[in-house]
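Enquirer: Sharing a structure below in structure tokens format, with a few things to ask.
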């Protein structure tokens, strides 16, 4: 059979850029150096292509492990809608305690802004999104713009502020009282992240709710009603802090979803993410 067909151009063609080094940090007892990398999915660049909004995506892993490729197939739908997706790795708690991972995420944001033209990114339309431990880091990155202690590394001539935050079931309050309400969070998770015998002051410093004020960006919060790891109270505390300072936010409780289960990557949920980002950035 031979046939000529007319093809409708109904979606963006995407390109995948793997293993882009955005920072180099000390490693192995400070004796070696480690490249930190990101993977990018972006609409194929064409002459006259407009600059795109960007999503900095941060995966979870109990602060102890990170795989920047793990959820990339699920966020392709957002790239199809015209977003550049940058999935970033960061130093784990085996490599650096807090604020190491936050410093890395903010370095990645600055890298994207400094190289915005290279990746056809609109530097004024960047959001940060993460799940579990990545939700912790996304929330922290969103509310610590201008905090000099967390701004280290390259491209300090640009800021790390973002236009919006999407938090999938992340810890936002590390206070001892808050953590004592959950049997699902292993004690080693927090002690690895904050340091053994960490203080209440250290916990406060690592809690996103500490930094929320009237300058915070809009938030989208998603949490499963059957999460046995990060208690739903964590998202409620975040919601309360945002309400207190009149920050726009949306909260979706996913019926029956546990921690990181497949419900969060269904079209219905991702459409709500896309709708929120469409309004905010």
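Numbering (my numbering), first residue to last: 195 to 475. Every residue, glycine too, gets a C-beta built ideally from N, C-alpha and C.
Pull up the distance between the alpha-carbon of residue 392 and that of residue 380, whole angstroms please.
Expert: 15 Å
Enquirer: How should residue 295 be labelled, buried or exposed, when 16 other C-beta atoms within 10 angstroms of its C-beta is the threshold for buried?
Expert: buried
Enquirer: For a quick check, are the C-beta atoms of residue 352 and residue 335 less than 8 Å apart?
Expert: For the pair residue 352 and residue 335, the CB atoms are not nearer than the 8 Å cut-off.
Enquirer: So for residue 262, helix, strand or coil by DSSP?
Expert: DSSP, reduced to helix, strand and coil, places residue 262 outside both helices and strands of the structure shown, so it counts as coil.
Enquirer: Can you tell me which of 216, 474, 236 puts its alpha carbon nearest to the alpha carbon of residue 210?
Expert: 236
Enquirer: Could you say if the region 407-420 and the region 335-350 meet the contact criterion of at least three C-beta pairs nearer than 8 Å?
Expert: yes
Enquirer: State the CB to CB distance for the pair residue 450 and residue 420, rounded to an integer number of angstroms; the pair is presumed to be in contact (CB under 8 Å).
Expert: Rounded, the Cβ-Cβ distance is 6 Å, consistent with contact.
Enquirer: What would DSSP say about residue 465, mapped onto helix, strand or coil?
Expert: helix
Enquirer: Can you tell me where the beta strand (DSSP E) holding residue 362 begins and where it ends?
Expert: Counting along the chain, the beta strand (DSSP E) containing residue 362 begins and ends at 358-362.
Enquirer: For residue 364, which of 417, 382, 356, 318 has the nearest alpha-carbon?
Expert: For residue 364, the nearest C-alpha among the options comes from 417.
Enquirer: Counting along the chain, where does the alpha helix (DSSP H) carrying residue 191 start and finish?
Expert: This structure does not reach residue 191, given that the chain is present from 195 up to 475, and the question cannot be answered.
Enquirer: What are the boundary residues of the alpha helix (DSSP H) that residue 414 is part of?
Expert: Segment 413-418 is the beta strand (DSSP E) holding residue 414; no alpha helix (DSSP H) there.
Enquirer: Jot down the residue ranges of each uninterrupted beta strand (DSSP E) in the region 315-362, minimum 3 residues, whole runs only, in chain order.
Expert: 315-325, 358-362
Enquirer: At which residues does the alpha helix (DSSP H) containing residue 434 begin and terminate?
Expert: 427-438
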